Amino acid sequence: MACKDKNDLPVGQNWRRVYEVTGGEWRKEGAAWRNDVFAYNLSISCNHCEDPICAHHCPTQALLKREDGIVKVDRNRCIGCKYCAWVCPYGAPQFDPVTGVMGKCDLCADYIDQGKNPSCVDACPMRVLDVGDYDHLVQKYGAPEHVHPMPDSSLTQPSIVVRSHPKAGGSSPVVANIEEVDDA
Ligand code: SF4
Ligand code: SF4
Ligand code: SF4
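So that you can map any letter, position 65 of the sequence shown is 116 in this note's numbering, and since no number is skipped, the others follow by simple counting.
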């Protein structure tokens, strides 16, 4: 909601989405019922990928990766073809039918340029979100792990580190459902 507020996004445009993932089961063991049910939330926006497939497929170079790694849409160059939305495995680019151009998380580049945190980072009441140099984040939180339902990171090399829930992936496969997407 902080992202929507900062970027004045209309209903249906959510540059940051929160996915609720649940899984596990109840089992009867003798007279007892045991369970390994779990739930976790995954807050995802654009990952400002090291290998941004969105930019590679943009026919007008409206999507560009800045020196500091931020991948931005130049709204003046965008022709609204939606190629970037089709190829991004994270669903990050979102077309605005009113303006006819694509929008997506720009890591609050204007705030970054002023030395400030992105809106979503400062708004998180649990201090779950963080931002910074990728290598520094890896040092701070450890090597990135695969988290269900994120796509294989080899596709675009996302610049994101998730300290995952114990049931969220790592080396063991997860059987889980996406129960809810915050689609305000
Ligand atoms: S998450 Fe999608 S839109 Fe963002 S840089 Fe990666 S490929 Fe591009
Ligand atoms: S919708 Fe805009 S930003 Fe996306 S690929 Fe087409 S021209 Fe590029
Ligand atoms: S960094 Fe800024 S644009 Fe990106 S999700 Fe957070 S608030 Fe939205």
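Backbone N, C-alpha and C fix where the C-beta goes; we use that ideal spot for every residue, glycine too.
All of these numbers come straight from a predicted model, not from anything done at the bench.
Using a Cβ-based criterion (distance less than 7 Å to any ligand heavy atom), does residue i qualify as near ligand 1?
i: V122; result: yes
i: H216; result: no
Could you round the C-beta distance between residue i and residue j to whole angstroms and report it? I think they count as a contact, below 8 Å.
i: T111; j: R128; result: 5 Å
i: P195; j: S205; result: Between S205 and P195 the Cβ distance is about 12 Å, and since that is not below 8 Å, they are no contact.
Quick one: residues in its chain with C-beta nearer than 6 Å to the C-beta of residue i, no 5 flanking neighbours on either side, listed in chain order?
i: V172; result: L180, V182
i: V213; result: V198
i: P224; result: Residue placement at P224 cannot be trusted, given a pLDDT of 43 that sits under 50; the coordinates are not used to answer.
i: W77; result: W84, N86
i: Y185; result: S210
Cβ of residue i within 7 Å of any heavy atom in ligand 3?
i: K210; result: Before going further, note that residue 210 is Ser rather than Lys in the sequence given. Every heavy atom of ligand 3 is 7 Å or more from the Cβ of S210, so no.
i: S204; result: no
Bridge partners for residue i per DSSP, in chain order?
i: G154; result: Q145
i: Y91; result: V72
i: A83; result: E80
i: K116; result: V122
Should residue i be counted as a contact of ligand 2 given a C-beta to heavy atom distance under 7 Å?
i: M177; result: no
i: C129; result: yes
Near residue i, what residues of its chain come up, given a Cβ to Cβ distance below 7 Å and the 5 sequence neighbours on each side ignored?
i: A160; result: I121, K123
i: E101; result: Q208, S210
i: C135; result: C105, H108, C109, L114, P144, M153
(Q) Pairs of beta-carbons, one from the segment 134-144 and one from the segment 105-113, closer than 8 Å: are there three or more? (A) yes
Q.
If contact is defined by three or more beta carbon pairs under 8 Å, each pair taking one atom from either stretch, is the segment 62-70 in contact with the segment 146-158?
A. yes
**Q.** Stretch pair the segment 86-94 + the segment 120-140: three plus CB contacts closer than 8 Å
**A.** no
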